[in-house]
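Worksheet: the structure to be examined is printed underneath.
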Amino acid sequence: MGMSVTISVATEQDAEQIFRLQYLCFQGEAALYGNYRIAPLVQTLDSVRQELASDCVYVARLGEEVVGSVRGTVTEDGAASIGRLCVHPRLQGHGIGARLLRAAESTLAGERGATKFRLFTGHRSEGNLRLYRRVGYRTVGTSEGSDGVRMIVLEKPADEFATTA
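Listed below in structure tokens is the structure:
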């Protein structure tokens, strides 16, 4: 019988694994848009370390290996901005992404006072859109990323967390 995936708060020691995993996971997104300059692929290791120090960051572990991660921070308007959700390609489709989202939402609402959750995904990212809609997010608009990719903006009220967790 195999090991189970656990979700926990990321530590400073996870920075390099998160950095490498993010680079691996976002290759598919880059290919989808024909743009290998998307933000997750050009982020530096130092920037990941800074986010670990200031943001709400969770990881999924299989043994000692980081196989998923997500980050969130509460913005000035009380919204929790959730991003860089990624799960190792060999483990996608097993609910790990939803578990990571729930962990981040719980902390962002319960400990950091978020009133709503907001996330962005590329307009061609059907798998991401299915996941986000399945866990209660609704499209509220579009924007253009700094890399030129058209993004779908999705939100859900923080008080709906309990009904989708």
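One point on numbering: in the working numbering, the residue at position 55 of the sequence shown is 525, and numbering is uninterrupted.
Even glycine gets a Cβ: it sits at the ideal position worked out from N, Cα and C.
query                                                                                                                            : result
Please state if the CB of residue 491 and the CB of residue 528 are separated by a distance shorter than 9 Å.                    : no
Cβ atoms of residue 611 and residue 619: under 9 Å apart, would you say?                                                         : no
Does the contact criterion of 3 or more C-beta pairs under 8 Å hold for the stretch 518 to 526 versus the stretch 540 to 549?    : yes
In terms of residue numbering, what span does the alpha helix (DSSP H) encompassing residue 489 cover?                           : 485 to 495
Go ahead and pull the three-state DSSP assignment for residue 537.                                                               : strand
Give a yes or no on whether the C-beta atoms belonging to residue 551 and residue 588 are separated by under 9 Å.                : yes
Looking at the strands, I want to know which residues DSSP matches up with residue 566.                                          : In DSSP, residue 566 forms no bridge with anything.
Report yes or no: do the stretch 494 to 510 and the stretch 545 to 563 share at least 3 C-beta pairs separated by less than 8 Å? : yes
Please name the residue, chosen from 580, 591 and 530, that lies closest to residue 562 on a Cα-to-Cα basis.                     : 530
Between the alpha carbons of residue 487 and residue 596, how many angstroms are there, rounded?                                 : 26 Å
Whole angstroms is fine: what's the gap from residue 606's alpha carbon to residue 630's?                                        : 8 Å
Quick one: using the 10 Å Cβ neighbour count with 16 as the cut-off for buried, is residue 482 buried or exposed?                : exposed
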